[in-house]
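Peer 1: Numbering-wise (the UniProt record's numbering), the sequence shown opens with residue 1 and increments by one. Where a beta carbon is used, it is the ideal one built from N, C-alpha and C, also for glycine. From a predicted model like this one, the values you see are computed outputs, not experimental measurements. Please see the structure below; I have some questions.
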Amino acid sequence: MEINNTQVYAGTSGYNYEDWKGTFAPKDTDNYDLLTHYKASNLNFLELTYTFYRMPIAEKIAGICDRLGDIKLSIRLNKSLMRKKPDKLEIESFIEGITPAIERGTAVALLADFHHLFSASRENFDILLELKENFKDLPLFVELTNSTWHKEKYYDEFKANQIGICIIDGPSFRGFAPYRPVCSNSGVYFRLYGKDPLWLSGTEKFLNYDYSDNELKRFIKDARDVSVMAKNIFFSFCNVEKGFAPKNAVTLKNMIEQA
């Protein structure tokens, strides 16, 4: 699947959600078989999210790769690594755990998504540089929802250091990152949450949003505009409630293939 001869990947942020049963997959599907249904959807990309909470184990990662077939992975960095001077043994453990996905060519990106309170500063930018230095085997993309990062001086530094900045589509409110299609390394990485106004109410994210065809067409147009600068374009649908993410990802993929 391509846009202007640039490879395009479309998929979702994670796959193991209880409310995908009865929407994306049959109601009686067990958790293990949700990945089987994901593969059958003909999507070509998946964000592997459990690695944010638990260190990956090589045997499990190899098993996931076997089951995915040709589907490519973006691997979410463990939260313990996204701070100043992370433990070297934890870095080595993470790299060892994802090595099967790297060696097989299944892993195509690393994702570091930071808390909204992670604001722009020289000290915090040094954390991003350290991540880039520690994980050289794959392109690194960072999600920075705090609006203080989204200024030209930082975009120039992202480009100079080949750190990918995620393009975030979410609700509009003060202090949240703007939607801005940009390419700051070898790829373009869309993370699409939807526009539920309750997204950050309380302590939970509300990801109950179904994108319209017109909204999906806009993302395709924006991807086309920046495709000349990129080797790869990634679309990760994060609106995971009620199976909206795989539904929207499949629709977007079909739109691109039929264009």
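#1: Looking at C-alpha atoms only, which residue of 221, 243, 241 is the closest neighbour of residue 259?
#2: From what residue to what residue does the alpha helix (DSSP H) around residue 38 run?
#3: Please report the straight-line C-alpha distance between residue 227 and residue 87, rounded to a whole angstrom.
#4: Just to confirm my understanding: we take residue 84, look at its own chain, exclude 5 residues before and 5 after, and list those with CB closer than 6 Å. What are they?
#5: Let me know if residue 100 comes out buried or exposed under the rule of 16 or more other beta-carbons within 10 Å of its beta-carbon.
#6: With distances taken Cα to Cα, identify the nearest neighbour of residue 237 among 185, 167, 257.
#7: Please return the same chain residues whose Cβ sits closer than 6 Å to the Cβ of residue 245, not counting the five positions on each side in sequence.
#8: Taking the alpha-carbon positions, what's the residue 150 to residue 130 distance?
#9: So, using beta-carbon positions, are residue 76 and residue 112 closer together than 9 Å?
#10: Where residue 65 and residue 170 are concerned, what is the direct C-alpha to C-alpha distance, given to the nearest angstrom?
#11: Mind checking residue 248: buried by the 16 CB within 10 Å criterion, or exposed?
#12: State the start and end residues of the unbroken alpha helix (DSSP H) segment that holds residue 244.
#13: Does the distance from the C-beta atom of residue 39 to that of residue 71 stay below 9 Å?
#14: Select from 104, 95, 208 the residue whose C-alpha is nearest the C-alpha of residue 243.
#15: For the alpha helix (DSSP H) containing residue 99, name the first residue and the last one.
#16: For residue 35, which residues from the same chain have a beta carbon less than 8 Å from its beta carbon, with the 5 sequence-adjacent residues on both sides left out?
#17: With residue 184 and residue 163 assumed to form a contact (beta carbons below 8 Å), what rounded beta-carbon distance in angstroms separates them?
#18: Could you name the residues of the same chain whose beta carbon sits closer than 6 Å to that of residue 159, not counting the 5 residues immediately before and after it, in chain order?
#19: Run through DSSP, which three-state label would residue 43 get?
#20: Could you check whether residue 73 and residue 48 sit closer than 9 Å to each other, using their CB atoms as the reference points?
#21: Taking the alpha carbon of residue 230 as the point to measure from, which residue in 213, 252, 139 has its own alpha carbon closest?
#22: Would you kindly work out how many angstroms separate the C-alpha atoms of residue 43 and residue 10, rounded to a whole number?
#23: State the start and end residues of the unbroken beta strand (DSSP E) segment that holds residue 153.
#24: If you compare alpha carbons, which of 212, 232, 241, 225 is closest to residue 252?
#25: Considering only the beta carbon of each residue, do residue 7 and residue 165 sit closer than 9 Å?
#26: Just verifying my parser: in three-state terms, what is the DSSP assignment at residue 24?
#27: How is the alpha helix (DSSP H) around residue 61 delimited, first residue to last?
Peer 2: Concretely, from the data shown:
#1: 221
#2: 34-40
#3: 37 Å
#4: 127
#5: buried
#6: 167
#7: 12, 237, 239
#8: 20 Å
#9: yes
#10: 30 Å
#11: buried
#12: 244-258
#13: yes
#14: 208
#15: 88-103
#16: 15, 16, 64, 67, 68
#17: 6 Å
#18: 184
#19: coil
#20: yes
#21: 139
#22: 6 Å
#23: Not the beta strand (DSSP E): residue 153 falls in the alpha helix (DSSP H), residues 152-160.
#24: 212
#25: no
#26: coil
#27: 58-68
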